[in-house]
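Asks:
Numbering (the working numbering), first residue to last: 73 to 300.
1) Have a look at residue 79 and residue 288 and give me their C-alpha separation to the nearest angstrom.
2) Can you tell me where the beta strand (DSSP E) holding residue 301 begins and where it ends?
3) Could you compute how far the alpha carbon of residue 97 sits from the alpha carbon of residue 265?
4) Based on Cα-Cα distance, which residue from 259, 229, 294, 249 lies nearest to residue 278?
5) For a test of the three-state rule: what should DSSP assign to residue 212, helix, strand or coil?
6) Tell me, which residues are paired with residue 240 by DSSP?
7) With which residues is residue 174 paired in a DSSP beta bridge?
8) Taking the alpha-carbon positions, what's the residue 153 to residue 111 distance?
9) Is residue 146 helix, strand or coil when you go by DSSP?
10) For residue 254, report the span of its alpha helix (DSSP H) as first-last.
11) Based on the DSSP secondary-structure assignment, which residues constitute the bridge partners of residue 205?
12) Beta carbon of residue 259, beta carbon of residue 245: below 8 Å?
13) Identify whether residue 90 lies in helix, strand or coil by the three-state DSSP scheme.
14) Between which two residues does the beta strand (DSSP E) holding residue 192 run?
15) The beta strand (DSSP E) spanning residue 272 covers which residue range?
16) Alpha carbon to alpha carbon, what distance is there between residue 221 and residue 159?
17) Please classify residue 152: does DSSP put it in a helix, a strand, or coil?
18) So residue 146 and residue 91 are supposed to be a Cβ contact under 8 Å. How far apart are they, rounded?
19) Could you check how far apart the C-beta atoms of residue 234 and residue 273 are, in whole angstroms? I think they sit under 8 Å.
20) If we count the other Cβ atoms within 10 Å of its Cβ and call it buried at 16 or more, is residue 84 buried or exposed?
21) Give the secondary structure of residue 159 by DSSP, where H, G and I count as helix, E and B as strand, and everything else as coil.
22) Excluding the five sequence neighbours on either side, which residues of its own chain have a C-beta within less than 7 Å of the C-beta of residue 263, listed in chain order?
23) Once you ignore the five residues that flank residue 151 on each side, which residues in its own chain have a CB closer than 6 Å to its CB?
24) Between the segment 201-209 and the segment 127-144, can you find at least three pairs of beta-carbon atoms closer than 8 Å?
So, in structure tokens, the structure goes:
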């Protein structure tokens, strides 16, 4: 995992500060995520994979964001194919790759005590939607582990957990295009409930379900339009 810092001549009040990203394939890049995590984007692309997986680092949405804001990237905890909750593709249990589990691992490792995190981007829900994971019901408290196999309570739990651990941080949940509307509605409802912000993307350029360089630029610009 790398810590990267860019120093640009930007107004201090407008500068993004110390960022953590929790994401799926859209936010991965070879060499920039934890060892053992599945990666989608790289300079050479996936072996026998679609052409869109071949991308320059500086073309990714988050690198564009760093370069435009002068932010510090403390961690990119992204795993290609990962779901927010515990149900993955074909109904399999994806507990260890889930957003919820990965956030817990960061917390239990003392990461948030060692680092001054003030901005968190959660960019997920796409694979929960594509995997047709059970939706369940929106639930804002008193979750059981069984609840977290369903998408809507899992999303609520994740946002709650992040805000509880980082009460003073700016927390943003990025909502992808072309996902189950119930997932987007849940994110917006949960963000309003817990005092975080939803960023709903519009018309992102994609190939094989993944952002092209143009799509990555669109994501970056739409995120910037909300956070600045």
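Don't be surprised by glycine CBs; every beta carbon is placed ideally from N, CA and C.
Replies: So, from the listed chains and residues:
1) As a first step, residue 79 is located in the chain shown; it is residue number 7 there, counting from the start. As a first step, residue 288 is located in the chain shown; it is residue number 216 there, counting from the start. Unreliable placement is indicated for residue 79, whose pLDDT of 32 sits below 50; the coordinate value is still reported in the next sentence. C-alpha separation (whole angstroms): 22 Å.
2) Residue 301 is absent from the model: the chain starts at 73 and stops at 300.
3) The residue given as residue 97 occupies position 25 in the chain shown. The residue given as residue 265 occupies position 193 in the chain shown. Roughly 27 Å between the two C-alpha positions.
4) As a working note, residue 278 is residue 206 in the chain shown. It is 249.
5) Here residue 212 corresponds to residue number 140 of the chain shown, with the count starting at 1. Correct three-state label for residue 212: coil.
6) Counted from its first residue, the chain shown places residue 240 at position 168. Beta-bridge pairing links residue 240 to no other residue.
7) As a position in the chain shown, residue 174 is number 102, starting the count at 1. In the DSSP output, where bridge partners are listed per residue, residue 174 has none listed.
8) Numbered from its first residue, the chain shown carries residue 153 at position 81. Numbered from its first residue, the chain shown carries residue 111 at position 39. Distance between the alpha carbons of residue 153 and residue 111: 9 Å.
9) Position 74 of the chain shown holds residue 146. The answer is strand: DSSP assigns residue 146 an E or B state.
10) Numbered from its first residue, the chain shown carries residue 254 at position 182. Residue 254 -> alpha helix (DSSP H) spans 253-266.
11) For the purposes of this step, residue 205 is identified with residue 133 of the chain shown, where counting begins at 1. Beta-bridge pairing links residue 205 to no other residue.
12) Start at 1 with the first residue of the chain shown, and residue 259 comes out as number 187. Start at 1 with the first residue of the chain shown, and residue 245 comes out as number 173. The answer is yes: Cβ separation under 8 Å.
13) In the chain shown, residue 90 corresponds to position 18, counting from 1. Note: residue 90 maps to strand in three-state DSSP.
14) Residue mapping note: residue 192 aligns to position 120 of the chain shown, counting from 1. Unbroken beta strand (DSSP E) run through residue 192: 191-195.
15) Within the chain shown, the letter at position 200 stands for residue 272. Residue 272 -> beta strand (DSSP E) spans 269-272.
16) One-based indexing of the chain shown puts residue 159 at position 87. One-based indexing of the chain shown puts residue 221 at position 149. Rounded to the nearest angstrom, the two C-alpha atoms are 5 Å apart.
17) Sequence index remark: in the chain shown, residue 152 carries index 80 (1-based). DSSP places residue 152 in coil when its eight states are reduced to three.
18) As a first step, residue 146 is located in the chain shown; it is residue number 74 there, counting from the start. As a first step, residue 91 is located in the chain shown; it is residue number 19 there, counting from the start. At roughly 6 Å, the Cβ-Cβ gap stays under 8 Å, so residue 146 and residue 91 are in contact.
19) For the purposes of this step, residue 234 is taken as the residue at position 162 of the chain shown. For the purposes of this step, residue 273 is taken as the residue at position 201 of the chain shown. Not confirmed; about 20 Å, so no contact.
20) For the purposes of this step, residue 84 is taken as residue 12 along the chain shown, with counting starting at 1. Note on residue 84: pLDDT 38, under 50, position unreliable in the model; no value is reported.
21) Against the chain shown, residue 159 aligns to sequence position 87. The answer is strand: DSSP assigns residue 159 an E or B state.
22) For this step, residue 263 is matched to residue 191 along the chain shown. Closer than 7 Å at the Cβ level, and outside the excluded window around residue 263, lie 231, 245, 269, 270.
23) Reading the chain shown from its first residue, position 79 is the one you call residue 151. Excluding sequence neighbours, residue 151 sits near 109, 110, 169.
24) no
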